[in-house]
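S.K.: Quick one: the structure is below, questions incoming.
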Amino acid sequence: MTSPDASTVTWRPLADAHGRVARDLRVSLTDRCNLRCSYCMPAEGMAWIPGRDLLTDEEMIRLIRIGVERLGITEVRFTGGEPLLRPGLPEIIAAVAGMRTVAGERPGIAATTNAILLPRLAGRLAAAGLDRVNVSLDTVDRERYARLTRRDRLPQVLAGLAAAEEAGLAPIKINAVLLPGLNEADAPELLRFCLDRGYLLRFIEEMPLGPRGAWDRSRMVTAADILAMLRRDFELRPAPAPRGSAPADRWLVAAGVDRAGRAHPAGEVGVIASVSAPFCGACDRTRLTADGAVRNCLFARGERPLRGLLRGGATDEELIDAWVGEMATKAPGHGIDDPSFLRPDRGMSAIGG
Ligand code: SAM
Ligand code: SF4
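As structure tokens, then:
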């Protein structure tokens, strides 16, 4: 199928009642994973989405095409579970690279990954059209990495980062979640590791989307805790550019020497205060799950299944109506810090982080 001429296409914005318009599509390609990060999944006993309920590559591509060509999506990010486990990922990326946004441009294409399969796949994915990766890495201490992810895979992750660099998947962003009493104290070492390599590190506050009972607001490592810890070793200044819809508060790190006398280059670090200072007012995301549901928020209690429509022969217009309708009901905020907060029925690995 060829992309239509941008000048002749009618499109509808994914707008909600609070003045926000979604342009960033997060696509979960699978709920499976080759790690078991303790803030995301239980050690065992996950109820996986049955294979027949997963969208096929063709179904996935059709929905992404509708998002890009008819609904104003400009950025597509693949996530999961672990998106690199999806066998058809290179073909899906190549299809998205051939799409054109309503402004006639190629959409940005990114993936969030644990990097374990990047040594094998980085070159192929970049050749297919992948622009960038965010790599999840919570510590560079091998023993604590193995405890946190329940798998001894740090060497593969480091090889994956090298492969991403080699393939030109730049800039490399690193996502880190700090858990109290586990990898909390590793934050300065992780920042030094990233500064040395030019990676953009962003710490993310732990959200209540992992195994039930694992999240404790009173013990959560907050953005304020993280900044206070980093300031003992690094000189930080707020980055000048406005935050816009990007969730990270960015800080410039001055070149210097830490308390142990080790030199580091200048760079930057982000802190995403998803719980203590949510950025819902600037959110521009819409989500598609691996089994074909549209979600208007990570924390939404409801979602709109499109798989039945797709498999029942729905037209593009019917799918557009359903997607637009779901986004229109987006709540003003997730309310995690509100006593009445109820977590969604799906966890992070099934929604797509
Ligand atoms: N497997 C890929 C990865 O880890 O990068 C992609 C999916 S993962 C669910 C996406 C992101 O969600 C990761 O950066 C991970 O650290 C983050 N994440 C998972 N559970 C979280 C939680 N409870 N709170 C905050 N971030 C979480
Ligand atoms: Fe897997 Fe990513 Fe969840 Fe870790 S955070 S268990 S790598 S989906």
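Numbering of the sequence shown is given in full-length UniProt numbering, commencing with residue 1 and proceeding in unit increments.
Beta carbons are placed, not taken as given, at the ideal position from N, Cα and C, and that holds for glycine.
None of these values were measured; they are calculated from a predicted model.
Quick one: does the C-beta of N183 sit closer than 7 Å to a heavy atom of the ligand SF4?
M.R.: Numbered from its first residue, the sequence shown carries residue 183 at position 183. For the ligand SF4, not one heavy atom lies less than 7 Å from the Cβ of N183.
S.K.: Rounded to whole angstroms, what's the CA-CA distance from P339 to E165? Just pull it up for me.
M.R.: Taking the sequence shown and counting its residues from 1, the one referred to as residue 339 is at position 339. Taking the sequence shown and counting its residues from 1, the one referred to as residue 165 is at position 165. Straight-line Cα distance between these residues: approximately 44 Å.
S.K.: Could you pull the DSSP bridge partners for R285 from this structure?
M.R.: Against the sequence shown, residue 285 aligns to sequence position 285. Answer is D24, bridged to R285.
S.K.: Assuming L169 and A122 make a contact with CB atoms under 8 Å, what is their CB distance in whole Å?
M.R.: Residue 169 sits at position 169 when you count from the first residue of the sequence shown. Residue 122 sits at position 122 when you count from the first residue of the sequence shown. Between the beta-carbon of L169 and that of A122 there is about 6 Å, and that keeps the pair under the 8 Å contact cut.
S.K.: C37 to R343, Cα distance in whole Å?
M.R.: The sequence position of residue 37 within the sequence shown is 37, counting from 1. The sequence position of residue 343 within the sequence shown is 343, counting from 1. Spanning the two alpha carbons is a distance of roughly 19 Å.
S.K.: Taking 7 Å as the line, does the beta carbon of residue 354 fall inside it for any heavy atom of the ligand SF4?
M.R.: Summary: the structure shown does not reach residue 354, with the chain confined to residues 1 through 353, and so no result is reported for it.
S.K.: For the region 126–136 and the region 92–104, state whether three or more C-beta atom pairs, one from each stretch, are separated by less than 8 Å.
M.R.: yes
S.K.: Report the partner residues of W215 according to the DSSP bridge assignment.
M.R.: Your numbering for residue 215 matches position 215 in the sequence shown. W215 is not bridged to any residue.
S.K.: With respect to the beta strand (DSSP E) encompassing F203, which residues constitute its N-terminal and C-terminal limits?
M.R.: Against the sequence shown, residue 203 aligns to sequence position 203. Counting along the chain, the beta strand (DSSP E) containing F203 begins and ends at 200–204.
S.K.: Is T112 buried or exposed, if buried means 16 or more other CB atoms sit within 10 Å of its CB?
M.R.: What you label residue 112 is simply residue 112 of the sequence shown in a count that begins at 1. When all chains shown are included, T112 counts as buried.
S.K.: Which partner residues does A111 have in the DSSP bridge list?
M.R.: Start at 1 with the first residue of the sequence shown, and residue 111 comes out as number 111. Paired residue(s): F78, V133.
S.K.: Grouping DSSP H, G and I as helix and E and B as strand, with all else coil, what is M1?
M.R.: Translated into positions along the sequence shown, residue 1 becomes position 1. For M1, the predicted model reports a pLDDT of 46, less than 50, meaning its position is unreliable; a value from the coordinates is still stated below. Correct three-state label for M1: coil.
S.K.: Pairing CB atoms from the region 272–281 with CB atoms from the region 202–216, are three or more of them under 8 Å?
M.R.: yes
S.K.: Which residue's Cα is closest to the Cα of G181: V221, A110, T149?
M.R.: By 1-based counting over the sequence shown, the position of residue 181 is 181. Comparing Cα positions, the closest option is V221.
S.K.: Quick check on DSSP: helix, strand or coil for R250?
M.R.: Start at 1 with the first residue of the sequence shown, and residue 250 comes out as number 250. In the structure shown, R250 adopts extended strand secondary structure according to DSSP, grouped into three states.
S.K.: Go through its chain and collect everything with a Cβ distance to A328's Cβ below 8 Å, but skip five positions before and after it.
M.R.: The residue labelled residue 328 in the question sits at position 328 within the sequence shown. For A328, where only same-chain residues beyond five positions count, the Cβ hits under 8 Å are A15, D16, A17.
S.K.: State buried or exposed for E82, treating a residue as buried only when at least 16 other CB atoms are found within 10 Å of its CB.
M.R.: As a position in the sequence shown, residue 82 is number 82, starting the count at 1. It is buried - the Cβ of E82 has at least 16 other Cβ atoms within 10 Å.
S.K.: Under the DSSP definition of a beta bridge, which residues are partnered with I174?
M.R.: As a position in the sequence shown, residue 174 is number 174, starting the count at 1. Answer is V135, L201.
S.K.: Residue range of the alpha helix (DSSP H) that E58 falls in?
M.R.: For the purposes of this step, residue 58 is taken as the residue at position 58 of the sequence shown. Counting along the chain, the alpha helix (DSSP H) containing E58 begins and ends at 57–70.
S.K.: Comparing C-alpha positions only, which one of G45, I351, I336, R12 sits nearest to S218?
M.R.: Numbered from its first residue, the sequence shown carries residue 218 at position 218. Minimum Cα distance to S218 is reached at I336.
S.K.: I want to check one thing, is the minimum distance from the CB of E75 to the heavy atoms of the ligand SAM below 7 Å?
M.R.: As a first step, residue 75 must be located in the sequence shown, where it is residue number 75. Taking 7 Å as the cut-off, the C-beta of E75 does not count as close to any heavy atom of the ligand SAM.
S.K.: Only counting the same chain, and skipping five residues up and downstream in sequence, which positions put a Cβ closer than 8 Å to that of A43?
M.R.: By 1-based counting over the sequence shown, the position of residue 43 is 43. Cβ neighbours of A43 beyond the five flanking positions: R36, R150.
S.K.: Indicate the three-state DSSP secondary structure (helix, strand or coil) for R124 in the structure shown.
M.R.: What you label residue 124 is simply residue 124 of the sequence shown in a count that begins at 1. Three-state DSSP puts R124 in a helix.
S.K.: Given a threshold of 16 other Cβ atoms within 10 Å of its Cβ, counted over all protein chains shown, does R259 qualify as buried or as exposed?
M.R.: Taking the sequence shown and counting its residues from 1, one reaches residue 259 at position 259. Result: exposed.
S.K.: On the DSSP bridge assignment, give the partners of A15 in chain order.
M.R.: Residue 15 sits at position 15 when you count from the first residue of the sequence shown. For A15, which the question treats as bridged, DSSP gives the partners V21.
S.K.: Relative to the ligand SF4, is the shortest distance from any of its heavy atoms to the C-beta of S136 smaller than 7 Å?
M.R.: Locating residue 136 in the sequence shown gives position 136, counting from the first residue. Yes.
S.K.: Count Cβ pairs between the region 292–299 and the region 262–272 that sit closer than 8 Å; are there 3 or more?
M.R.: no
S.K.: At which residue ranges does the region 142–176 contain complete alpha helix (DSSP H) runs of 4 or more residues, listed in the order of the chain?
M.R.: If we require 4 residues or more, the alpha helix (DSSP H) runs fully inside the region 142–176 come out as 142–149, 154–166.
S.K.: Following a CB-centred definition, is C194 positioned closer than 7 Å to any heavy atom of the ligand SAM?
M.R.: Here residue 194 corresponds to residue number 194 of the sequence shown, with the count starting at 1. No; taking the cut-off as 7 Å, the Cβ of C194 has no heavy atom of the ligand SAM nearer than that.
S.K.: Please name the residue, chosen from D31, A162, D24, E143, that lies closest to G72 on a Cα-to-Cα basis.
M.R.: Mapped onto the sequence shown, residue 72 falls at position 72. Of the listed residues, the one whose Cα sits closest to G72 is D24.
S.K.: Does DSSP put V140 in a helix, a strand or coil?
M.R.: Residue 140 sits at position 140 when you count from the first residue of the sequence shown. Coil.
S.K.: Assuming A187 contacts L178 (C-beta within less than 8 Å), just tell me the rounded distance between them.
M.R.: Here residue 187 refers to the residue found at position 187 when the sequence shown is read from its first residue. Here residue 178 refers to the residue found at position 178 when the sequence shown is read from its first residue. Yes, A187 and L178 are in contact; Cβ-Cβ is about 6 Å, under 8 Å.
S.K.: Expressed to the nearest angstrom, what Euclidean distance is found between the alpha-carbon atoms of L107 and L252?
M.R.: Here residue 107 refers to the residue found at position 107 of the sequence shown. Here residue 252 refers to the residue found at position 252 of the sequence shown. Position check: residue 107 holds Pro in this sequence, whereas Leu was assumed. Distance between the alpha carbons of P107 and L252: 29 Å.
S.K.: Is any non-hydrogen atom of the ligand SAM found closer than 7 Å to the C-beta of C283, if you look at the structure I gave you?
M.R.: As a position in the sequence shown, residue 283 is number 283, starting the count at 1. No; taking the cut-off as 7 Å, the Cβ of C283 has no heavy atom of the ligand SAM nearer than that.
S.K.: Are the CB atoms of E268 and R250 within a distance shorter than 8 Å?
M.R.: The sequence position of residue 250 within the sequence shown is 250, counting from 1. The sequence position of residue 268 within the sequence shown is 268, counting from 1. Yes, they are a contact pair.
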